[in-house]
Structures are given as C-alpha cells and as structure tokens.
Amino acid sequence: MNFHVLTLFPEMIDQGVHTSITGRAIDKGIIRVNTVNIRDFAGNKYGQVDDYPYGGGAGMVMQPGPVYQSYQSVIQQIGYKPRVIYLTPQGNVFHQKMAEEFSQDEDIIFLCGHYEGIDERVLEMIVTDYVSIGDYVLTGGELPSMVVMDAVSRLIPGVLNNDVSAEFESFHDNLLEYPQYTRPVEFMGKKVPEILLSGNHPKVEQWRREQSILRTMKQRPDLIKSANLTEEEERFIQSLKSKNTK
Ligand code: SAM
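Counted the way our numbering counts, the sequence shown spans residues 20 to 265.
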C-alpha cells in the first residue's frame with residue numbers, strides 16, 4: 020500500500036513513520052510512505068505558499084496553486100486518481116470502520132493543512148474524504164495523517180507479526196477488548212485472574228467475551244447497541260441492567 024503525504028513538513032512524517040511497527044513494514048516493502056513537500060511547488064523564489072485571507076481575519080491561508088501542483092505530481096507518478104483525504108477538524112471523525120475501508124485501497128493521498136487551513140477551491144477540486152481525528156484543533160494535519168496511516172497500516176496483512184491480533188482488538192464487533200495480563204502472576208499483591216491460568220481455552224474465551232461486554236457497557240455504552248451479540252449475551256446484559264436499577 021502506498022501513502023502519499025502532501026505536507027509543508029515532510030521531515031515530521033518521515034521521522035514519525037520510520038519507527039517501530041510502521042518502520043519495519045516500510046523496510047519490508049509492505050507499505051510505502053511518499054512525502055511530497057508542497058513548498059517545492061511554490062512557484063516563487065521565496066518558497067512562499069500562504070497568503071492573507073480575502074475578507075480579512077487572523078492568520079494565513081495555504082494557496083491553491085502549490086497544493087494542486089503537488090497533487091498533480093503524485094497523479095502523474097501513479098497514473099490514476101486515488102482517494103484524497105484532507106485532514107481537518109471539520110471532517111467526519113475517524114473510526115475503526117473507516118480504517119478498514121481505507122486499508123482496501125492501493126494508494127491514498129493525505130493532504131495536511133497548516134495555519135488557518137487551505138483555500139477552499141483546491142479542496143473542492145481534489146479532496147474525496149474530509150477526516151478529523153477528534154473535536155479539537157491542532158496546528159497541522161501531519162499528526163492526524165500519521166494517526167490514520169498507523170491505524171490503516173496495522174490492518175494490512177504482514178504489518179503485524181500476528182494478523183489475528185488486529186481482528187480481535189477493541190472496536191472489532193463494536194466491543195472493547197478484554198483486560199490483558201502478562202508475567203509475573205502476582206504483582207504487588209494483585210493476582211492474574213485464575214481462569215487465565217487454567218489452560219481451559221473455551222472457558223478463557225467465554226471469560227474474555229464477558230469482560231469485553233462488561234467493559235464496553237461501562238466505558239462505551241454507546242457502542243454496545245451496535246455490537247453483534249448472541250441471544251444469551253443479550254440476556255446477560257439485561258440481567259446486569261436490571262441488577263443495576265434495583
Ligand atoms: N481554521 C481551521 C478551522 O477552524 O477549521 C483550523 C486550521 S488548523 C489550525 C490547521 C490544520 O491542522 C488544518 O488545516 C488541518 O489540516 C489540521 N488539523 C487541525 N486539527 C485537526 C483535527 N482535529 N483533525 C484533523 N486535522 C486537523
């Protein structure tokens with residue numbers, strides 16, 4: 020999979036993605052991150068890519084020309100128009116299902132804004148998806164693009180050592196993951212739940228599923244409504260709810 024990142028700060032992306040799991044995936048050739056410096060397309064000797072907003076107001080706005088030219092440079096390289104994600108606090112809030120959808124693509128272009136944002140005209144011309152990473156405002160789209168790339172990369176076969184682990188994590192099935200434990204068996208007087216030491220795999224699976232349901236009800240009750248539950252699990256939830264209301 021190829022991620023193309025249009026940015027004014029390519030070094031920020033390069034330093035971020037070349038570490039840990041994404042770094043290994045790049046080394047193995049499973050993913051490729053192609054950073055494109057929008058400033059290289061400034062078209063003036065000062066490298067200026069922003070200007071004052073028409074109508075007045077605070078801050079600067081990224082000009083459409085350099086953004087469009089940097090986009091065209093990628094299109095010429097790959098020969099077709101892929102999905103273009105503009106990272107913006109005004110976009111749809113990113114979630115795991117979007118990561119799953121994006122992971123099916125061969126190429127994705129990420130457009131990172133800075134300052135007050137980007138001239139609307141070029142956004143209308145090239146952007147296919149507006150994505151936010153949450154209801155807060157950051158200084159630029161670089162960190163958000165890395166968040167999305169990270170979540171998408173780990174769904175691509177071969178990126179994680181164990182592909183099964185991505186399948187059963189939080190948000191799979193709209194449930195949060197069960198609690199995890201490792202050695203030692205006792206830490207400062209707190210013991211690992213007995214069932215996990217039993218070697219009884221069906222019982223362990225059942226315990227984990229119940230823990231997932233309990234945890235989701237407690238931390239993210241909004242998710243549980245869309246979770247894929249068996250009739251028995253629905254009854255388990257109802258019994259917990261009625262216990263709580265007594
Ligand atoms: N003036 C813009 C507004 O009010 O919507 C905010 C601009 S912000 C300071 C600069 C850039 O950071 C944006 O163009 C966008 O690329 C990025 N950005 C900031 N917050 C973000 C968020 N929550 N999710 C995704 N991108 C974000």
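Ideal placement from N, C-alpha and C gives every residue a C-beta, glycine not left out.
Query	Result
Identified DSSP bridge partners for Thr26	Asn56
Identified DSSP bridge partners for Val171	Beta-bridge pairing links Val171 to no other residue.
Contact under 8 Å by Cβ, Cys131 with Val24	yes
Ile40 beta carbon less than 8 Å from that of Phe22	no
Contact the stretch 104-115 vs the stretch 136-150: 3+ CB pairs below 8 Å	yes
Sequence-distant residues of its chain with Cβ nearer than 8 Å to Ala246 (five each side left out)	Asp192, Asn193, Leu194, Ile232 and Thr235
8 Å contact criterion, which Ser122 and Val167 should meet: CB distance rounded	11 Å between Cβ atoms; not a contact.
heavy atom of the ligand SAM below 7 Å from Tyr197 C-beta	no
heavy atom of the ligand SAM below 7 Å from Gly86 C-beta	Reading off the sequence shown, one finds Val at residue 86, where the question assumed Gly. Checking every heavy atom of the ligand SAM against the Cβ of Val86, none is found closer than 7 Å.
Backbone secondary structure at His220 - three-state DSSP	helix
Range of the contiguous alpha helix (DSSP H) that encloses Arg43	Ser39 to Asp46
Inter-residue spacing [alpha-carbon to alpha-carbon] between Asp163 and Ser217	Checking the displayed sequence, the identity of residue 163 turns out to be Pro instead of Asp. If you take the alpha carbons of Pro163 and Ser217, they lie about 42 Å apart.
Status (buried if at least 16 other CB within 10 Å, exposed otherwise) for Ser258	exposed
Validate contact between the stretch 59-71 and the stretch 83-102 using beta carbons, cut 8 Å, 3 pairs	yes
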